[in-house]
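Residue numbers (my numbering), protein chains in the order written: chain A, 1 to 116; chain B, 117 to 231.
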């Protein structure tokens with residue numbers, strides 16, 4: 001079974017609008033972490049935001065926020081005021097395991113296109 | 117500048133010819149890992165290392181070897197590359213991997229083609 005599911009293969013948004021990128025996860029480990037990474041066309045992986053499973057509040061980093069709904073096992077990324085430079089692939093990832101067996105599991109990604 | 121450096125960035129090789137992709141980080145991170153990225157599959161972990169001389173298999177270790185003799189270096193070795201190992205490879209490192217949400221710093225990627 002997939003541990004990280006990103007169902008939207010691609011999305012289009014107008015510049016300056018907000019957009020939500022969906023991510024659901026599956027784990028039985030009570031301690032885990034959720035990440036979002038951005039991969040522009042140049043190929044590098046850029047860390048955006050992190051949410052720990054025990055964090056009480058939703059994470060925010062500038063224009064990025066994470067809508068963390070633990071009971072629903074979802075960790076959607078919200079980008080406010082989209083910019084042309086936000087056009088990229090976005091990956092949701094989960095860190096699970098402990099005691100030497102940590103691993104980072106990625107979703108398949110989704111492509112965001114910001115239109116002027 | 118904190119960085120993870122992979123070499124080479126691009127490589128075309130022939131089936132069966134041993135190759136090594138190097139990875140070096142300058143952040144004194146204990147945790148390092150290798151991923152491969154294939155279209156429609158996202159990134160999948162190949163191997164990871166918790167510290168010097170400590171390595172373990174990820175999700176897709178077949179056909180790969182790693183070593184961690186020094187903290188800063190984590191080379192990926194393909195003893196006998198095959199065309200199904202054509203992929204984009206990423207090395208990553210992070211500080212504490214468990215509790216503090218330590219972000220993984222990624223290298224620039226190595227695009228490998230095996231013909």
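From the three backbone atoms N, C-alpha and C, an ideal C-beta is built for every residue, glycine too.
Return the first residue and the last residue of the beta strand (DSSP E) that residue i is part of.
i                     : result
residue 106 (chain A) : 103–106
residue 130 (chain B) : From DSSP, residue 130 (chain B) is part of no beta strand (DSSP E); its letter is neither H nor E.
residue 51 (chain A)  : 46–52
residue 16 (chain A)  : Here residue 16 (chain A) belongs to no beta strand (DSSP E), and DSSP marks it neither H nor E.
residue 166 (chain B) : 158–167
residue 76 (chain A)  : 74–79
What residue from the options has the CA that sits closest to residue i's CA?
i                     : options                       : result
residue 231 (chain B) : B:221, B:224 and B:198        : B:198
residue 118 (chain A) : A:89, A:82, A:93 and A:109    : Past the edges of chain A, shown from 1 to 116, lies residue 118 (chain A), and the structure says nothing about it.
residue 211 (chain B) : B:159, B:188, B:146 and B:226 : B:146
residue 221 (chain B) : B:159, B:133, B:208 and B:164 : B:208
Compare the C-beta of residue i with all C-beta atoms of chain A and state if any pair is closer than 7 Å.
i                     : result
residue 132 (chain B) : no
residue 119 (chain B) : no
residue 101 (chain B) : Nothing can be reported for residue 101 (chain B): it is not among the residues displayed for chain B, which extend from 117 to 231.
Any heavy atom of the ligand FAD closer than 6 Å to the CB of residue i?
i                    : result
residue 31 (chain A) : With respect to the ligand FAD, the structure offers nothing, as it holds no ligand at all.
Tell me, please, whether the CB atom of residue i is closer than 7 Å to any CB atom in chain B?
i                     : result
residue 10 (chain A)  : no
residue 44 (chain A)  : yes
residue 62 (chain A)  : no
residue 111 (chain A) : no
residue 108 (chain A) : yes
**Chain-ordered residues of the segment 64–81 of chain A with a beta carbon less than 8 Å from chain B** = Taking 8 Å as the Cβ-Cβ cut-off against chain B, none of the residues of the segment 64–81 of chain A qualify.
**Message:** Taking beta-carbon pairs under 9 Å, can you tell me which members of the segment 157–188 of chain B lie near chain A?
**Reply:** Listed in chain order, the positions of the segment 157–188 of chain B with a beta carbon within less than 9 Å of a beta carbon of chain A are 157, 158, 159, 160, 161, 164, 166, 170, 172, 174 and 175.
**Message:** Measuring CB atoms only, is the segment 21–34 of chain A touching the segment 44–52 of chain A, in the sense that at least three cross pairs come out at less than 8 Å?
**Reply:** At 8 Å Cβ cutoff, the stretches touch.
**Asked** Are three or more beta carbon pairs between the segment 10–24 of chain A and the segment 71–81 of chain A nearer than 8 Å?
**Response** These segments touch.
**Prompt:** Between the segment 86–96 of chain A and the segment 117–128 of chain B, are three or more C-beta pairs nearer than 8 Å?
**Reply:** With a cut-off of 8 Å, the segment 117–128 of chain B and the segment 86–96 of chain A do not count as touching, because too few Cβ pairs lie within range.
**Item:** Meets three-Cβ-pair contact criterion under 8 Å: the segment 160–179 of chain B and the segment 125–133 of chain B
**Value:** Segments in contact, no.
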